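**Q** In terms of the numbering used here, the sequence shown has 429 at position 163, counting the first letter as 1, and numbering is strictly consecutive.
Using N, Cα and C, we set each Cβ at its ideal position, and we do this for glycine too.
No experiment lies behind these values; they were computed from the predicted model shown.
Here it is: the structure, laid out below.
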Amino acid sequence: MRIGLISAAVLACGVASAAAASPILNQVNNFSAGATSNWSNGGNAADPVNVSTGGPAGANDSFLRVNANGGGGPGSRLVTYNRGSQWTGNFSAAGVTAVSMDLKNFGSSPLSMRIGLEGPNSTWYVSSQPFTLAADNAWHTATFPLTIAGMTNAGGSATLGSVLGQVSEFRILDNPSVDYHGALISSSFGVDNVRAVPEPASAAVLAAALLPLMGRRRAAV
267 MRIGLISAAV
277 LACGVASAAA
287 ASPILNQVNN
297 FSAGATSNWS
307 NGGNAADPVN
317 VSTGGPAGAN
327 DSFLRVNANG
337 GGGPGSRLVT
347 YNRGSQWTGN
357 FSAAGVTAVS
367 MDLKNFGSSP
377 LSMRIGLEGP
387 NSTWYVSSQP
397 FTLAADNAWH
407 TATFPLTIAG
417 MTNAGGSATL
427 GSVLGQVSEF
437 RILDNPSVDY
447 HGALISSSFG
457 VDNVRAVPEP
467 ASAAVLAAAL
477 LPLMGRRRAA
487 V
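So this is what it looks like as structure tokens:
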């Protein structure tokens, strides 16, 4: 009975947190049925294109392709952003401590992939270390932690905690530097299975905390 009460309480807290926050833990954009899921290149730039086949799962697996033409002006930077409710709001309350995604480089040189988050006071935090995406015509899975070690301030006065509590824009971009602007480059990348996840260390801690409860339940049975 006590196990049941504890489980019910934990579930109730989880439901309450999910209801009060967006995104939702483990939500995913897999770009099925031609969807772009509110990802945009902004301004007068051409938006990302939904490609109906050739994703990480192969034939008939759709993905999003992001293009940049280099030079200057609209569409010159390799970046896409989302201001929809699915990728804005209170990441902390939702338990989201990392974002994972599948990426493919369609260009001829390696890309330095990062994510960027905008919050209060026009404050930006960007991945401290880039994920180097080789120009090898293959899909790769990248995980970006939303932690003090994993994110660096790229402008503005708000703390990382404040930004994670009030995200107003989420970006996926290429830039060798810690910058929320995409690099000026003529290139292209594919993205699929953008997922809000617990950072691996957080997941391990949660699993360890649940083990005693699971042991007690087996003993009672």
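Taking 9 Å as the threshold (C-beta atoms), are Ser428 and Thr398 in contact?
**A** Position 132 of the sequence shown, counted from the start, is the residue given in the question as residue 398. Position 162 of the sequence shown, counted from the start, is the residue given in the question as residue 428. No, they are not a contact pair.
**Q** Counting pairs of Cβ atoms below 8 Å between the region 424-440 and the region 380-387, do you hit three or more?
**A** Output reads yes: the region 380-387 touches the region 424-440.
**Q** Can you tell me whether Asn326 is helix, strand or coil according to DSSP?
**A** In the sequence shown, residue 326 corresponds to position 60, counting from 1. Note: Asn326 maps to coil in three-state DSSP.
**Q** Among Ala323, Thr409 and Gly339, which residue has its Cα nearest to the Cα of Ser298?
**A** The count along the sequence shown starts at 1 and reaches residue 298 at position 32. That would be Ala323, whose Cα lies nearest to the Cα of Ser298.
**Q** State buried or exposed for Gly321, treating a residue as buried only when at least 16 other CB atoms are found within 10 Å of its CB.
**A** Along the sequence shown, one-based indexing puts residue 321 at 55. Its Cβ being crowded by 16 or more others within 10 Å, Gly321 is buried.
**Q** Whole angstroms is fine: what's the gap from Lys370's alpha carbon to Leu377's?
**A** Within the sequence shown, numbered from 1, the residue matching residue 370 stands at position 104. Within the sequence shown, numbered from 1, the residue matching residue 377 stands at position 111. Distance between the alpha carbons of Lys370 and Leu377: 10 Å.
**Q** Compare the C-alpha of Ile451 against each of Ser374, Val457, Thr409 and Ser288 and name the closest.
**A** The count along the sequence shown starts at 1 and reaches residue 451 at position 185. Nearest option by C-alpha distance: Ser374.
**Q** Consider the Cβ of Val429: report whether some Cβ of chain E lies at a distance smaller than 9 Å.
**A** Annotation note: the requested chain E is absent from the structure, which comprises a single protein chain.
**Q** Within its chain, find whatever has a CB closer than 6 Å to the CB of Val463; leave out the 5 residues flanking it on each side and keep chain order.
**A** Within the sequence shown, the letter at position 197 stands for residue 463. The residues are Ala364 and Ser366.
**Q** So Gly431 is in the alpha helix (DSSP H); what residue range does that whole segment cover?
**A** For the purposes of this step, residue 431 is identified with residue 165 of the sequence shown, where counting begins at 1. Note, Gly431: alpha helix (DSSP H), Leu426 to Gly431.
**Q** My assumption, with CB atoms under 8 Å, is that Gly456 sits in contact with Phe372. Please give the rounded CB distance.
**A** For this step, residue 456 is matched to residue 190 along the sequence shown. For this step, residue 372 is matched to residue 106 along the sequence shown. Confirmed, Cβ separation roughly 6 Å.
**Q** In three-state terms, what does DSSP make of Phe397?
**A** One-based indexing of the sequence shown puts residue 397 at position 131. Strand.
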